[in-house]
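Top to bottom, those sequences are chains A and B.
Using our numbering, read the first sequence as starting at 1 and increasing by one per residue.
Using our numbering, read the second sequence as starting at 355 and increasing by one per residue.
The next block holds one structure in the form of structure tokens; read it before the comments.
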Amino acid sequence: MSRWRYFGLRLLLTIPILFLAMTLVFMITRMGPLDPVTAILGPEASGGASEDIRQRLGLDLPLWRQYIDFMVGLLTFDLGQAWVAAQRGTPVTALIAERAPRTIWLGLWAIMLPIFIGVPLGFYAGLRSNTFGDWIASFLGIVWQAMPNFWLGIMLLAVLRQTRPGNQFDFLPDWYELGPTTESLLGTPDLSFIAIDWFLLVPIPTMFDFFGFLTALKQITPAALVLGSALMVSEMRIGRTAVLEQVNANYVETAKAKGLKGRTIVWKHIFRNASIPLVPVLMSEISILIGGSVIIEVVFGINGIGQLFYQAVLQGDLPVAGSLAFVFAVITLFFNVLQDLLYTLIDPRVGFEQ
Amino acid sequence: MSNSNDLTEGDNTNRRGFLGLLGGGVAVSLAGCSGGGDDNGDDGSGDDDGNMSGDDGNTSDNDGDDDSDGEVAEGGQLNLINAPVSTFDPIASTDTASATVLGQAYENLVHYPNGESELENQLVENIDISEDNLTYTFTLKEGVPYHDNEVKDELTAHDFEYAWRRLAEAEASERANFMFGTGFMIEYETDEENGIGAANVAPDSLGIEVVDDYTFEMTLQEVEPATMDVLAYDSFAAMPEGLVDDIQGYEDAPYSQNEIAREVTVGTGPFTLDNFESGSEAIVTAFDDYHGEGPYLDSVHWEILSDDEAIFTYGMERNADAIAIPTGQYDQGLVNVEEQDDRGRDVGTYGPVENGDTLNYIAVPTLSTFYVAFNASRVPRPVRQAVAYVTNHEELINEVFKGRGAEAWSFTPPAMWPGGADAYNDFVDQYPYGRNETNLDQAQQVLEDAGYTQDDPFEMTLTTYDSSAFQQFARLTRDKLSGTGVEFDIDEAPFNTLIQRGENGELDMYSLGWIWSWIDPAYGLFGFEPENTNTDEIPENANGYYLDWQSQLGESEWADQAQEAWERAQDNPGPDSQDIRDEAWLEIEEARQEDMVLLPLYHELGESFRYDWANIPKIGGLGGHRLQHNRSWLDEDAPNREP
């Protein structure tokens with residue numbers, strides 16, 4: 001099978017997967033323990049009042065009917081209105097559109113960490129395996145990976161908020177005055193530094209404020225640091241192993257034998273081959289980023305999609321929780337497809353049979 | 355009902371308990387309410403005997419902050435923290451976070467100033483109650499201006515009729531049932547065809563009659579002594595007639611319910627909504643023509659945060675003027691109580707905190723009781739008693755809550771104990787399970803007598819909601835009882851799930867809490883009437899606690915006593931029968947304790963932590979969400995005065 005047919009088949013396969021994911025989401029939200037009526041009324045809901053609300057939310061309809069409405073709604077991107085979370089009655093699409101850019105901003109900077117620090121560090125360690133530098137990097141990496149995200153977030157908050165003069169960590173630079181002055185470690189970054197017009201689906205920036213950009217970057221940095229750190233370490237470790245494998249490969253011997261310069265061997269041969277296992281890891285980590293953003297946004301008070309999801313699930317807001325789970329599924333699938341595409345481009349050997 | 359351990363202005367995640375009496379209710383001291391001139395609205399509320407402080411109930415004027423030296427600095431923005439807000443429409447308001455904000459913009463006939471326990475007039479000037487206690491005539495204050503809007507400039511009686519019609523008829527109303535049953539029974543007509551909601555209320559049929567611009571009458575179907583207390587609930591707030599287009603006859607109104615829910619507030623309050631970004635912040639700005647005192651501030655800003663660490667960080671950064679200290683960061687040793695004021699509040703300082711500042715500290719026992727309860731048909735009495743024997747309240751509060759709570763020896767909080775403080779102390783003295791001690795021997799004895807031994811134990815599950823505190827209680831109790839005749843399983847369920855399982859009668863033993871919205875023992879004890887605890891009937895036809903105590907009627911003298919006492923109280927609703935009802939309440943408490951269907955654990959402590967520059971009235975036991983900021987002000991040197 002040609003690799004493009006392989007790719008097309010993978011693309012087709014996403015349709016049943018998406019369908020299955022949506023069904024699962026429906027089953028989990030509707031048949032699970034979430035009860036939006038109790039969430040709205042509190043525990044002192046009287047029978048009559050809860051019946052009224054049940055009716056208004058459409059929860060009194062038979063389950064198959066709710067299922068069809070749910071699926072049709074998702075497919076036509078008519079995601080309904082929020083029941084409980086945030087603002088009752090707000091269209092879900094509006095909620096998502098308002099908050100998505102902040103989560104994207106967070107994810108964008110979080111992914112920088114594994115790409116620009118994790119991978120290079122791993123390659124470095126791999127090329128200098130079993131040296132002191134390698135040991136240090138590997139040791140610190142394992143320790144770093146052992147620290148859970150939420151804990152790291154809390155620690156970072158505790159340290160940074162005490163960097164003002166006269167506080168416990170004032171030997172560190174005062175975070176609040178470092179670069180653009182900020183009032184709080186918490187809060188949603190102001191993304192109005194850039195204005196975008198859409199021209200036939202092509203975004204065209206019409207305004208850019210560099211200072212505003214720096215402020216928004218500083219505001220997101222602690223959260224991005226925490227969110228990206230776990231990925232950074234796993235990229236580093238996989239990068240190290242991959243390079244190590246290539247360094248000892250026969251073709252490297254051959255290259256050396258034919259007199260290629262060390263630099264050429266490393267850049268043209270080792271790195272390209274070593275990056276093959278990194279691609280799927282990086283792509284699958286997108287879903288880890290999405291999951292992680294739920295906790296990180298809550299800890300850092302960022303009003304993004306993750307926090308919205310958190311609130312929605314806590315309160316049994318089925319339209320919001322369901323729609324977000326659907327959006328997360330679409331994003332994850334998209335990156336899976338992208339991964340296949342990149343795979344096909346990088347590695348000519350990819351196909352269904354071997 | 356709440357899983358928060360600190361009830362402060364910054365931590366408003368509680369659902370408000372609100373449930374009136376089923377049926378008749380209990381009339382208290384309605385006599386002498388008629389007559390003009392008296393601007394104290396608490397006459398009909400029957401809460402006088404609940405106040406143990408001996409205070410005369412006058413909370414007016416400068417009962418604000420001790421720090422005020424008489425000179426108020428005007429202007430500036432007060433910065434606070436709030437939990438996620440769900441709506442600004444009074445008729446849709448069910449949570450304290452929403453109430454905190456919308457209470458700045460909307461006002462009622464009467465209110466509990468600063469969450470203290472005595473009702474005061476807000477928009478009403480005089481209340482006349484008929485001989486039969488069924489017709490209330492309200493005379494409104496004249497010349498009360500509304501926030502700038504295109505419909506109306508001043509408050510009139512028509513506005514209450516309109517606002518209450520919305521509460522009864524609008525689709526968005528979450529509290530219509532307060533008018534037709536669980537609150538009080540206002541007169542209305544039903545309409546099978548066009549009726550609205552569960553009550554089938556016919557449009558424009560409420561028993562409200564506007565007499566003139568400043569007078570209206572309300573007619574109830576049954577005597578309800580807590581009527582004025584119910585009317586203090588924020589869903590009964592005034593709103594200009596014809597503002598929203600969601601009830602019949604007002605289709606041309608300028609606003610939709612969605613807009614009223616999240617963009618616009620038009621009330622008579624000291625502030626009006628300026629900016630709201632859901633999940634980020636809410637800002638209200640001063641209404642200069644406010645009819646009452648103040649407001650001194652230019653605006654109030656709430657940062658919306660839900661994570662404990664985030665809340666603490668925001669406070670330590672001095673970004674909020676009044677902050678919350680999560681229990682994880684709380685240190686009992688930093689509390690320095692200087693005095694106890696005449697309302698039983700501890701006033702003092704807390705600190706120095708992490709950033710070096712020392713905060714002003716106020717602690718007030720809230721009208722709440724957190725408990726574990728048993729399903730009497732699933733768990734036999736000796737086992738229930740054994741749990742009570744091994745429970746050490748003091749140990750629990752110190753170890754689990756770092757001292758942030760008061761030991762609960764009764765379900766009804768001491769502040770509203772029938773008969774007052776002495777009667778309460780007598781009741782506590784007779785606590786049969788050993789106060790603040792672990793009586794393992796007696797627990798073992800009572801289990802052995804019933805035939806439960808280590809080899810043949812009774813097995814049961816304690817289900818708590820998502821609360822590390824109750825989980826800790828569960829583990830403590832399990833460890834204490836291990837090796838005796840009780841085999842203890844621990845389960846944790848989300849709040850909503852717990853409620854559902856309770857309603858299905860599937861819980862052996864569970865943890866919950868009850869928060870009073872006003873001072874009346876009946877509004878809490880109704881849940882113990884054995885007939886009302888039948889989980890087959892909950893939630894449709896009964897609304898008691900999930901005890902299935904009715905299964906013990908005829909078998910347990912205590913269940914019979916509770917049933918009989920409740921009925922006696924119901925049969926004696928008259929103003930002269932207070933003694934009879936007080937005795938009945940006591941008998942219910944006694945029956946609960948002897949049969950041990952419910953073990954009260956602690957009354958939550960409402961704590962406030964304010965920076966020195968923030969001058970905010972002290973909150974009362976009904977909670978900070980009742981606090982209006984018209985009298986709050988900031989020192990000139992407050993760091994965040996300018997937004």
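For glycine and all other residues, C-beta sits at the position ideal for the given N, C-alpha and C.
Could you give the distance in angstroms between the alpha-carbon of B:W987 and the alpha-carbon of A:P165?
Cα to Cα, B:W987 sits roughly 28 Å from A:P165.
Name the residues in the stretch 652–669 of chain B whose C-beta lies less than 7 Å from a C-beta of chain A; which are they?
Within the stretch 652–669 of chain B, the residues whose Cβ lies closer than 7 Å to some Cβ of chain A are L659, S660, D661, E663, A664, T667, Y668, listed in chain order.
For A:V233, which residues of its own chain have a beta-carbon under 7 Å away from its beta-carbon, when the five flanking residues on both sides are left out?
Excluding residues within five positions, the ones whose Cβ falls inside 7 Å are G118, G141, W144, Q145.
According to DSSP, residues forming a beta bridge with B:H465
DSSP, once it has assigned bridges, lists B:E474 as partnering B:H465.
I'd like the ranges of any alpha helix (DSSP H) spanning at least 4 consecutive residues and lying wholly in the stretch 509–565 of chain B.
Every alpha helix (DSSP H) stretch that sits fully inside the stretch 509–565 of chain B and reaches 4 residues is listed by chain position as 511–523.
Answer yes or no: do B:G856 and B:Y900 have a C-beta to C-beta separation smaller than 7 Å?
For the 7 Å CB-CB criterion, B:G856 and B:Y900 form a contact.
Beta-carbon neighbours of B:N886, restricted to chain A and to distances below 7 Å
Those within 7 Å of B:N886 in chain A number zero; the least Cβ separation is about 12 Å.
CB B:L574 to CB B:F534, shorter than 7 Å?
Contact flag unset, no.
Taking the alpha-carbon positions, what's the A:A110 to A:R54 distance?
A direct Cα-to-Cα measurement between A:A110 and A:R54 gives close to 41 Å.
Closest Cα partner of A:V279 within the set A:I115, A:A21, A:A100, A:R10:
Of A:I115, A:A21, A:A100, A:R10, the residue nearest in Cα terms is A:I115.
Ignore the nearest five residues each way along the sequence and tell me which others in B:D307's own chain have a CB closer than 8 Å to its CB.
For chain B, the structure presents residues 355 to 997; residue 307 of chain B sits outside this window and is missing.
So B:P997 contacts chain A; which residues on that side make the cut at Cβ distance below 8 Å?
Within chain A, no residue comes near B:P997; the closest Cβ sits about 11 Å away, beyond 8 Å.
Is the beta carbon of B:F827 closer than 7 Å to that of B:L750?
Taking 7 Å as the cut-off, the beta carbon of B:L750 is found closer than this to the beta carbon of B:F827.
Just confirm the distance between the C-beta atoms of B:D661 and A:V299, as a whole number of angstroms; I'd bet it's less than 8 Å.
With 8 Å as the limit, B:D661 and A:V299 qualify as a contact, their Cβ atoms being about 5 Å apart.
DSSP state of B:N341, grouped into three classes?
Residue 341 of chain B lies beyond the range of chain B shown here (355 to 997); nothing can be said about it.
Chain-ordered neighbours of A:V298 on chain B, where CB pairs are closer than 7 Å:
Those are S660, D661, listed as they occur along chain B.
DSSP has B:G867 in a bridge; who is on the other side?
DSSP links B:G867 through a beta bridge to B:F724.
Is the beta carbon of A:T163 sitting closer than 7 Å to the one on A:L172?
With contacts defined as CB atoms closer than 7 Å, A:T163 and A:L172 qualify as a contacting pair.
Classify A:Y421 as buried or exposed, calling it buried when 16 or more other Cβ atoms lie within 10 Å of its own Cβ.
Absent from the model: residue 421 of chain A. The displayed extent of chain A is 1 to 354, so no value can be given.
For chain A, check one thing: does any of its Cβ atoms lie closer than 7 Å to the Cβ of B:N673?
At least one beta carbon of chain A lies nearer than 7 Å to the beta carbon of B:N673.
Would you please state the rounded distance, in angstroms, between the beta carbons of B:A592 and B:F514? I believe it to be under 8 Å.
About 6 Å; that satisfies the 8 Å criterion.
Proximity below 7 Å, CB of B:D652 to CB of B:Q431
In contact: B:D652 and B:Q431 (Cβ atoms closer than 7 Å).
In whole angstroms, give me the CA-to-CA distance for A:Q168 and A:A224.
Per the coordinates, the alpha-carbon of A:Q168 lies some 24 Å from the alpha-carbon of A:A224.
Under DSSP, the alpha helix (DSSP H) around A:N250 begins and ends at which residues?
Start and end: 250–257.
Counting only beta-carbon atoms, is A:I154 nearer than 7 Å to chain B?
Using a CB distance cut-off of 7 Å, A:I154 counts as an interface residue toward chain B.
Exposure label - B:P884; buried when at least 16 CB within 10 Å
Around the CB of B:P884, 16 or more other CB atoms lie within 10 Å, so the residue is classed as buried.
Outcome for A:I305 when other beta-carbon atoms lying within 10 angstroms are tallied against a minimum of 16:
Flag for A:I305 reads buried.
Residue environment, A:T206, which counts as buried when at least 16 other CB atoms sit within 10 Å:
In summary, A:T206 is exposed, with fewer than 16 beta-carbon neighbours lying within 10 Å of its beta-carbon over all protein chains present.
Give the residues from the stretch 618–636 of chain B that approach chain A closer than 8 Å (Cβ to any Cβ), ordered along the chain.
Per Cβ criterion, the list reads E631, S632, G633, S634.
Span of the beta strand (DSSP E), counted from its first residue to its last, around A:L160:
No beta strand (DSSP E) contains A:L160, which is instead part of the alpha helix (DSSP H) from 149–160.
Under 7 Å by beta carbon: chain B residues contacting A:G179:
By Cβ distance, chain B contributes nothing, its closest Cβ being about 17 Å from A:G179, past 7 Å.
I'd like to know if A:S129 contacts chain B, where contact means its C-beta is closer than 7 Å to some C-beta of that chain.
Residue contact with chain B for A:S129: absent (no Cβ-Cβ distance below 7 Å to any residue of chain B).
Cβ shell of B:Q904 (< 7 Å), same chain only, five flanking positions each side left out:
Only P884, E885, T887, N888 meet the Cβ criterion.
Hey, how far is the Cα of A:A21 from the Cα of A:L341?
It is roughly 22 Å from the alpha-carbon of A:A21 to the alpha-carbon of A:L341.
According to the Cβ coordinates, are B:L521 and B:S589 closer than 7 Å?
Yes, the pair counts as a contact, with Cβ atoms nearer than the cut-off.
Short check: CB of A:L244 to CB of A:S129, under 7 Å?
Contact: yes.
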